[in-house]
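In this text, residue positions in the sequence shown follow the working numbering: the first is 101, and each later residue adds one.
Every residue gets a Cβ at the ideal spot worked out from N, C-alpha and C, and that includes glycine.
Here's the structure, in C-alpha cells; my notes come after.
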Amino acid sequence: MTTLHLADSGEAADLASFLTRLLRYDRAAAVRLQAAPGGDGKGDGKAAGVLAVFGRVPLGSSGAVAVRTARLGGTVRPLDVTVSAGQLLEGLDEGSAVLGIPPGVTGPAWAGLLPPRGGWRCLGSLPPAPVAAAVAAAVGEFRARSEALSPEARTRAALDALADEIWSRPLDDAAAVPLRAAHAAQVLGFIRPGAELSVYAAGGWLRLSAPHGSVALRRVAAPGSGLGLTPLV
101 MTTLHLADSG
111 EAADLASFLT
121 RLLRYDRAAA
131 VRLQAAPGGD
141 GKGDGKAAGV
151 LAVFGRVPLG
161 SSGAVAVRTA
171 RLGGTVRPLD
181 VTVSAGQLLE
191 GLDEGSAVLG
201 IPPGVTGPAW
211 AGLLPPRGGW
221 RCLGSLPPAP
231 VAAAVAAAVG
241 EFRARSEALS
251 PEARTRAALD
261 ALADEIWSRP
271 LDDAAAVPLR
281 AAHAAQVLGF
291 IRPGAELSVY
301 AAGGWLRLSA
311 PHGSVALRRV
321 AAPGSGLGLT
331 PLV
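Laid out in C-alpha cells, this is it:
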C-alpha cells in the first residue's frame with residue numbers, strides 16, 4: 101500500500117476532521133488526491149510536499165467541490181488518484197501522522213474537472229459572522245418549508261428542488277457567491293470566527309476561500325442574464 105507521511109499530528113487531525121464531515125453528507129463519498137513535492141506555499145520551508153484533497157458536498161441535486169490541503173513530510177512522490185473517502189479515513193493514523201492510500205476507484209464525473217491551480221484573481225473579502233448567519237437562516241428556511249410539505253409531497257425530487265432554490269441564491273447583493281458555496285464551507289468547518297473569507301475568480305470558476313479550506317464552483321454566462329453561477333453536478 102502506498103503511504104504518505106503528513107508533516108505532523110495536527111495536519112493528520114485536520115484531515116481526519118475534513119473527511120469525517122464530508123462522510124456525514126455522503127457516506128459513499130469519493131475524494132481525489134493530488135500529492136506533489138515542494139513547499140506548502142507559505143515559505144516556511146517545513147513541508148517536503150503538499151497533498152490536495154478534493155471532495156464534493158451534495159446540496160440538493162447539485163454540489164460544490166471542496167479543497168483541503170495538508171503539508172507532507174518525508175520523501176514525496178507525485179500522486180494523483182481517486183479513492184473512497186471512508187477507506188482513506190480508515191487508513192489515517194493520527195498518532196503517527198501516516199496516511200495509507202487505499203486502492204483507486206472509478207472517479208465520479210466531478211473529479212475529472214477540478215478547479216485550476218493558478219490564475220486566480222481576488223474579488224474581495226467577506227466577514228465570517230454575516231456569512232454564517234446567512235447560512236443558518238437558509239438552513240432554517242429549508243427545514244421549515246420541508247416540514248410544511250405533506251408526507252406524500254416530501255419526495256426526494258421535491259426536497260432537491262427546494263434545496264436548489266435556496267442554495268442557488270447569492271450570498272448577498274455585493275458578492276457573486278451562491279449560498280451553496282457558503283453552506284459547503286460551513287458544514288466542512290472552513291468558516292471560523294474571526295477568519296475572513298476571500299472570493300476569487302479564474303476563468304469559468306469562482307472560489308470561496310478560508311484559512312482551513314476552500315469551495316469552488318463553475319460559473320457560466322446565461323444568455324440575456326449576464327454572469328450567473330452554476331454548481332458542479
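A distance below 7 Å between beta-carbons, with the five flanking residues on each side excluded, links residue 308 to the following residues of its chain, in chain order: 277, 281, 282, 285, 297, 299, 314 and 315. Only residues of its own chain outside the window of five on either side were considered, and among them 134, 167 and 169 have a CB closer than 7 Å to the CB of residue 152, listed in chain order.
Here the C-alpha atom of residue 108 lies approximately 16 Å from the C-alpha atom of residue 312. Of the residues assessed, residue 271 falls on the buried side of the cut-off, its CB having 16 or more other CB atoms within 10 angstroms.
Across the set 155, 149 and 113, the C-alpha of 155 shows the shortest separation from the C-alpha of residue 132. Assignment of residue 121 by DSSP, reduced to helix, strand and coil, places it in the helix class. For the pair of segments examined, the segment 118-128 was found not to touch the segment 212-221: the number of CB pairs separated by less than 8 Å stays below three. The continuous stretches of beta strand (DSSP E) do not include residue 312, and DSSP gives it neither H nor E. In the structure shown, residue 137 adopts extended strand secondary structure according to DSSP, grouped into three states. Residue range 162-173 is occupied by the beta strand (DSSP E) that includes residue 164. Shortest Cα-Cα distance from residue 105 to any of 203, 189 and 196 involves 196. Per the coordinates, the alpha-carbon of residue 216 lies some 13 Å from the alpha-carbon of residue 210. In this structure, residue 119 lies away from residue 214, with their beta-carbon atoms at least 8 Å apart. In the same chain as residue 201, and ignoring 5 residues on each side of it, the C-beta atoms closer than 8 Å to its own belong to 101, 102, 103, 104, 133, 179, 181, 183, 188 and 191, in chain order.
Put simply, the backbone Cα of residue 241 is about 32 Å away from that of residue 302. Contact check for residue 238 against residue 279 passes: the beta carbons are separated by less than 8 Å. For residue 269, no alpha helix (DSSP H) encloses it, and the DSSP letter there is neither H nor E. About 13 Å separates the CB atoms of residue 250 and residue 259; that is not less than 8 Å, and the two are not in contact.
Taking the CA atoms as reference points, residue 159 sits about 11 Å from residue 165.
If one requires a minimum length of 4 residues, the alpha helix (DSSP H) runs lying completely within the segment 179-207 are 185-190, in chain order. Beta-bridge analysis with DSSP links residue 105 to 173 and 198. The alpha-carbon separation between residue 205 and residue 186 amounts to approximately 12 Å. For residue 127, there is no enclosing beta strand (DSSP E), since its DSSP letter is neither H nor E.
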